[in-house]
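Asks: Last residue of the sequence shown: 168 in my numbering, with the numbers rising by one and none dropped.
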Amino acid sequence: AKGIAFDKAAAETELKKLGATERKLSTEQAARGRAESGLKSAQSELEALKARLAETEKMLADSVALQRATTATLAQTESAKKQTELQLADNRQDLKQCRTHNGSLYTLGREMMQKYHDKSCQDALVQAEPFTGLKKVEVENLMETWRDQLDRERLAGDKLGATVTP
Numbered sequence: 003a004k005g006i007a008f009d010k011a012a013a014e015t016e017l018k019k020l021g022a023t024e025r026k027l028s029t030e031q032a033a034r035g036r037a038e039s040g041l042k043s044a045q046s047e048l049e050a051l052k053a054r055l056a057e058t059e060k061m062l063a064d065s066v067a068l069q070r071a072t073t074a075t076l077a078q079t080e081s082a083k084k085q086t087e088l089q090l091a092d093n094r095q096d097l098k099q100c101r102t103h104n105g106s107l108y109t110l111g112r113e114m115m116q117k118y119h120d121k122s123c124q125d126a127l128v129q130a131e132p133f134t135g136l137k138k139v140e141v142e143n144l145m146e147t148w149r150d151q152l153d154r155e156r157l158a159g160d161k162l163g164a165t166v167t168p
């Protein structure tokens with residue numbers, strides 16, 4: 003009977019230990035469940051953050067590519083603008099030169115017209131006089147002077163992009 007009471011007490015002690023172990027196991031399983039749930043939540047959050055990071059990196063790469071393209075376009079535009087400004091300066095210089103030459107040619111033309119207008123019959127006869135030919139030489143010298151002035155005032159063809167024939 004003592005052996006049974008001892009076995010009973012040992013069994014009850016063992017039963018208490020098993021109950022405590024079972025409660026401890028249940029608590030640990032609940033904690034494990036919470037930890038697994040937290041892990042899944044953290045993994046989901048990590049995946050969402052990775053997706054946002056990938057999207058942000060793609061947006062950054064797109065922005066960098068756009069910025070490079072814009073920089074290249076800006077450089078080309080500035081280069082074209084600089085060339086256009088240089089061409090405009092050349093055109094203005096050419097126009098200034100043309101105005102100067104035009105004024106000189108106008109003055110020379112008016113002088114020629116006045117000389118022709120003032121020419122009398124006597125001047126024509128003296129010019130055609132074959133014996134001494136002095137007036138003819140004087141007229142030829144005047145014509146040569148005018149021709150030289152015209153040649154000096156004429157613009158070269160390559161300067162304005164057109165050909166000027168003598």
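Every residue gets a Cβ at the ideal spot worked out from N, C-alpha and C, and that includes glycine.
Could you compute how far the alpha carbon of Q99 sits from the alpha carbon of R149?
Replies: Looking up residue 99 in the sequence shown gives position 97. Looking up residue 149 in the sequence shown gives position 147. Between Q99 and R149, the C-alpha separation is close to 20 Å.
Asks: Let me know the alpha helix (DSSP H) ranges lying completely inside the stretch 78-146, each 4 residues or longer, listed in chain order.
Replies: Here the runs fully enclosed are 123-130.
Asks: For T167, I'd like the list of residues in its chain whose CB is within less than 6 Å of its CB, leaving aside the five on either flank, ordered along the chain.
Replies: Position 165 of the sequence shown holds residue 167. Unreliable positioning characterises T167 in this predicted model, as indicated by a pLDDT of 46, which lies under 50. The coordinate reading is nonetheless provided below. Same-chain partners within the cutoff: there are none.
Asks: Three or more C-beta pairs closer than 8 Å, one from the stretch 89-99 and one from the stretch 136-145: is that the case here?
Replies: No contact exists between the stretch 89-99 and the stretch 136-145.
Asks: Beta carbon of E155, beta carbon of S106: below 9 Å?
Replies: For the purposes of this step, residue 155 is taken as residue 153 along the sequence shown, with counting starting at 1. For the purposes of this step, residue 106 is taken as residue 104 along the sequence shown, with counting starting at 1. In contact: E155 and S106 (Cβ atoms closer than 9 Å).
Asks: Let's test the definition: count the other Cβ atoms within 10 Å of the Cβ of T165 and tell me whether it reaches 16, buried, or not, exposed.
Replies: The residue labelled residue 165 in the question sits at position 163 within the sequence shown. At T165, the pLDDT of 43 sits below 50, so the modelled position is not reliable; the number obtained from the coordinates is stated separately. T165 comes out exposed.
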